[in-house]
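Here the structure is laid out as structure tokens; the discussion comes afterwards.
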Amino acid sequence: MLAPNPTPLLSHDQIQERVRSLAAEIARDLDPEMPVLVLGLLRGCFVFVADLIRALSREGVQVREVDFIIVSSYGSGTTSSGNINIERDMSTDPAGKQVLLVDDILDTGNTLKAIRDTYLAGREFGSLKTCVLLDKPSRRTVELNADYVGFSIEDYFVVGYGLDYDQKHRELPHIAVMSEEE
Ligand code: XMP
149 MLAPNPTPLL SHDQIQERVR SLAAEIARDL DPEMPVLVLG LLRGCFVFVA DLIRALSREG
209 VQVREVDFII VSSYGSGTTS SGNINIERDM STDPAGKQVL LVDDILDTGN TLKAIRDTYL
269 AGREFGSLKT CVLLDKPSRR TVELNADYVG FSIEDYFVVG YGLDYDQKHR ELPHIAVMSE
329 EE
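Under my numbering, the first residue of the sequence shown is numbered 149, with each subsequent residue one higher.
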């Protein structure tokens, strides 16, 4: 049976330290005059967003609004596709705001590309930057990189820190690889 490997891939302390340095990078690039909208892609990102906005605040960035989109994509098996379905739309107007689009994992890139090129393309916003906690570059099928990446990892299926396997293990404070139980 599959279970989270007891040895963390990324410890809670490693994640916290990286969130802190990511927030510093993001803060350096923001225009202090334009309001910031953090837009998370649910569901896996909710823990990351919670830590990121507090880390941004410690860097002197007051996030004006936080909003979320729930998006599903029709794919085969565990691979997403570019055909996304917006299950929950944002309720904030992004016009005149610096949008920080936050996702948990950049895998094939299909989801983030569709959000950027289709969903957000028809809307007005001040600027757009993308931020992901984890990147699996070896899985990429479309040309896309995030502006801010927490950690690059190998092609593992990971859980914890908001990420799930069949809705389980989101509560783990660290990130672990799902593997066969010994
Ligand atoms: P794409 O392929 O469109 O998909 O970049 C990104 C989404 O796929 C999910 N995903 C994972 N979820 N552990 C998870 O819990 C993983 O290892 C994993 N890899 C991809 C995730 O929802 C991400 O937003």
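From the three backbone atoms N, C-alpha and C, an ideal C-beta is built for every residue, glycine too.
Since the structure is predicted, the reported quantities are computational estimates derived from the model, not experimental observations.
Which term fits LEU158, buried or exposed, when burial requires 16 or more other beta carbons within 10 angstroms of its beta carbon?
For the purposes of this step, residue 158 is taken as the residue at position 10 of the sequence shown. Buried, because 16 or more other Cβ atoms sit within 10 Å of the Cβ of LEU158.
Does the Cβ of ILE323 lie closer than 6 Å to at least one heavy atom of the ligand XMP?
Against the sequence shown, residue 323 aligns to sequence position 175. ILE323 Cβ: outside cutoff for every heavy atom of the ligand XMP.
In chain order, what residues of the same chain have a beta carbon less than 7 Å from the beta carbon of THR227, not counting five sequence neighbours either side?
The count along the sequence shown starts at 1 and reaches residue 227 at position 79. The residues are THR256.
I'd like to confirm something about THR240: is its beta-carbon nearer than 6 Å to some heavy atom of the ligand XMP, or not?
The count along the sequence shown starts at 1 and reaches residue 240 at position 92. No.
How about ALA294 and VAL280: are their beta carbons less than 7 Å apart?
Taking the sequence shown and counting its residues from 1, one reaches residue 294 at position 146. Taking the sequence shown and counting its residues from 1, one reaches residue 280 at position 132. Result yes, Cβ atoms of ALA294 and VAL280 sit closer than 7 Å.
Going residue by residue through the segment 273-316, where are the continuous beta strand (DSSP E) segments of at least 3 residues, counting only ones entirely within it?
275-283, 296-300
Would you list the one or two residues that DSSP bridges to VAL211?
The count along the sequence shown starts at 1 and reaches residue 211 at position 63. None, per the DSSP bridge assignment.
Measure from the alpha carbon of GLN164 to the alpha carbon of each residue in SER327, HIS322, GLU328, MET326, then state which is nearest.
Along the sequence shown, read from residue 1 onward, the residue named residue 164 stands at position 16. Minimum Cα distance to GLN164 is reached at HIS322.
Helix, strand or coil: how does DSSP classify ASP252 here?
Numbered from 1 along the sequence shown, position 104 holds the residue referred to as residue 252. It is a strand residue.
Are three or more beta carbon pairs between the segment 232-240 and the segment 209-224 nearer than 8 Å?
yes
Using DSSP with H/G/I as helix, E/B as strand and the rest coil, what is ALA269?
Within the sequence shown, residue 269 is the residue found at index 121, counting from 1. Coil.
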